[in-house]
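Protein chains in written order, with our numbering: chain S, 1 to 226; chain U, 1001 to 1079.
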């Protein structure tokens, strides 16, 4: 299983994400934003958290125009997997690979704390280690995590079972308590909470370890018939 | 040629920063401010000298990068 972690100027969760993928058994390569191609055989791309380009213009907007994001788009369009966490989620919405946008938190404050999340669907590689309705705790650390989509788009997300995680106590004003959403083909997940920061006991929680183990197994299973 | 782009959150998208500014104005005794919306202005210095060509080019810049049309609207002034 090969994971490629994108690194932008200002990324700060890239190594945490790499560590979580490695611990789950993936072979990980870091990929600089100026690169134009992903490593051959990349199964999943991780778009990490942080403050790419200092959050200039809009969070994730400049990163979304970087050369590696063209390669990411090609990867996703041919059915490849991608996981965007926090700033990575913002990058995925700015590229248009996921619908909606992340606005300033409703309370205007940067929030950094563990939050309870409900697993809204277990029908994807990302959450296949969990049961639907199960609760997990991951940390959040963001200023702009207030998920917005227009009513039609929200209705479509629910109708297509594309909400992966919901906040138990909505910390940031997100529409319909949404913490993470899937693409139409269920192979791209964007989420504000950080599973990679809850993957080892030293981090204060291990709920995220199952996320990465399940993800690798789920991706391997989907790749097997081909 | 100069261009000025004004980017605002669309009507219907909650603007918590504008709301905070409105509250602060009220605290300072400025009564009767019924709403505040906060946006940004981007000034561009363009090599293009033809106004309609400049407008078309800035329009493309807005759609591609300067505004996120999921949540933002934009207005362009040329010259």
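Quick reminder that beta carbons are idealized off the backbone N, C-alpha and C, glycines included.
When DSSP builds the beta bridges, which residues end up paired with residue 1076 of chain U? U:1005
Just checking: is the beta-carbon of residue 1066 of chain U within a distance shorter than 9 Å of some beta-carbon in chain S? yes
By how many angstroms is the C-alpha of residue 1038 of chain U removed from the C-alpha of residue 105 of chain S? 15 Å
What first and last residue would you give for the beta strand (DSSP E) that runs through residue 143 of chain S? Element bounds for residue 143 of chain S: n/a, residue is neither H nor E.
The beta strand (DSSP E) enclosing residue 68 of chain S, as first and last residue numbers: Residue 68 of chain S -> not in any beta strand (DSSP E); alpha helix (DSSP H) instead, spanning 67 to 77.
Please list, in chain order, all residues of the same chain as residue 1071 of chain U whose beta carbon is under 8 Å from its beta carbon, the five residues on each side excluded. 1009, 1010, 1013
Keeping to the same chain, check which residues put their C-beta closer than 6 Å to that of residue 124 of chain S; ignore five residues upstream and five downstream. 182, 186
Based on Cα-Cα distance, which residue from S:163, S:67, S:159, S:137 lies nearest to residue 232 of chain S? In the structure as shown, chain S starts at 1 and stops at 226, and residue 232 of chain S therefore has no counterpart that could be examined.
If we cut at 9 Å on Cβ distances, does residue 101 of chain S have a partner in chain U? yes
Beta-carbon neighbours of residue 1071 of chain U, restricted to chain S and to distances below 7 Å: 101, 103, 148
Ends of the alpha helix (DSSP H) at residue 1025 of chain U? 1016 to 1027
What residues from chain U crowd round residue 73 of chain S, counting only those whose CB sits closer than 9 Å? Here the premise fails: no neighbours, minimum Cβ distance about 14 Å.
Residue range of the alpha helix (DSSP H) that residue 88 of chain S falls in? 87 to 94
Any chain S beta carbon closer than 9 Å to residue 1017 of chain U: yes
Please tell me whether residue 1028 of chain U has its Cβ less than 9 Å away from any Cβ of chain S. no
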